[in-house]
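In the working numbering, the protein residues as written are 10 to 345.
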């Protein structure tokens, strides 16, 4: 059905708004519809909080009942308890579209599959199965209670969405962040909008490590913190052949509290983690075989500066979104 693909695409797009911000959980989106009308489109926002299905069902409840909930909707336990307290059959004519198979295990939050099996929705449409065997089984549970389940709607796009999650189960997921003009130039101070800077700071707040080139540290003298959102700063790994003692300790990044600063050791790539790389041409050339994805913030301006990235990388575009006046492009590195 064409409408299934349309609804699933909306759920996928919503989940991309929180890509990497849910670490170590996957990005997941959900949509609830009633008689062809969209009631809610929501996404998982942060690990330990309500999953996408719960947020979508809560919003759907508010639309159907014309009542606003009075508790913290991000509290998964409260949300589960509330949804289970609704009259039997409240969502019986509703269908839910979920980018990832609903979880069957109980972790920091209760099982979404168990909840859905008790709510007995008309139909559950799933993008892709959970790649973690200990988390899967949600579809099997739903089918066992007679719920109609449709699998594999926009499966590739759903798998692309959770690729970081799949990778960081076994090793570091590594993403290189670029900020450049529309004609591919870098340098000359901040290029990105304030909204893009806030977006980057949100990602930084979830990192295991932020890798930065030694030349960038010495020349730009950056802070590399999360001051725009008031969050703890990421640990820093400097790509350099120099000893850490040789760096000017008055450079702002060394003065940021609650962080580690080390010279890059390649062992960090072996551990399940989330790593962001920021830097210039030297950094991208030195580490390009480590990158899984590229995140490019393209600002709507042209520049005469000669600075840019003289590097050959083939990319597959995965998603794009507007961030302020900028365009954020998520891409997979495909040529090695």
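Using N, Cα and C, we set each Cβ at its ideal position, and we do this for glycine too. None of the values given here were measured: they were computed from a predicted structure.
For the alpha helix (DSSP H) that residue 20 lies in, which residues bound it at each end? Annotation: the continuous alpha helix (DSSP H) that includes residue 20 extends over 11–25.
Is the stretch 205–219 touching the stretch 64–80, taking contact as three or more C-beta pairs under 8 Å? Because the criterion of three Cβ pairs below 8 Å is not met, the stretch 205–219 and the stretch 64–80 do not touch.
Relative to the C-alpha of residue 184, which residue among 283, 137, 195, 295 is closest? Checked all of 283, 137, 195, 295; the closest Cα to residue 184 is 283.
Mind checking which residues open and close the alpha helix (DSSP H) that includes residue 121? Start and end: 121–128.
Determine the burial state of residue 213: buried for a count of at least 16 other Cβ atoms within 10 Å of its Cβ, exposed for fewer. By the 10 Å Cβ count, residue 213 comes out buried.
How would you label residue 10, buried or exposed, when you count the other beta carbons within 10 angstroms and need 16 or more for buried? By the C-beta density criterion, residue 10 is exposed, having fewer than 16 other C-beta atoms within 10 angstroms.
Which two residues bound the contiguous alpha helix (DSSP H) that contains residue 293? Counting along the chain, the alpha helix (DSSP H) containing residue 293 begins and ends at 290–296.
Judging by CA-CA distance, which residue of 325, 289, 227 is the nearest neighbour of residue 251? Per the C-alpha coordinates, the member of 325, 289, 227 positioned closest to residue 251 is 227.
Within this structure, are the beta carbons of residue 87 and residue 54 separated by less than 8 Å? No, they are not a contact pair.
Residue 276 versus residue 245: straight-line alpha-carbon distance, rounded: C-alpha separation (whole angstroms): 14 Å.
Please state the DSSP three-state secondary structure of residue 318. In this structure, DSSP gives residue 318 a state outside helix and strand, which the three-state scheme calls coil.
For residue 309, the nearest candidate out of 293, 291, 331 (CA to CA): Answer by Cα proximity: 331.
Which of helix, strand or coil does DSSP assign to residue 226? Per DSSP, reduced to three states, the secondary structure at residue 226 is helical.
Measure how close the beta-carbons of residue 49 and residue 40 come, nearest whole angstrom, since I'm counting them as under 8 Å. That pair is a contact at about 7 Å.
For residue 170, which option in 145, 194, 136, 144 has the closest C-alpha, if you only look at C-alpha atoms? When 145, 194, 136, 144 are compared, the shortest CA-CA separation from residue 170 is found for 136.
Continuous beta strand (DSSP E) stretch holding residue 106: start and end: Following the DSSP letters along the chain, one finds residue 106 inside the beta strand (DSSP E) bounded by residues 103–109.
So, at 6 Å on beta carbons, what are the nonlocal neighbours of residue 19 in its own chain, with the 5 sequence-adjacent residues on each side left out? Close CB contacts of residue 19 within its chain, under the 6 Å cut and outside five residues either way in sequence, are with 40, 50 (chain order).
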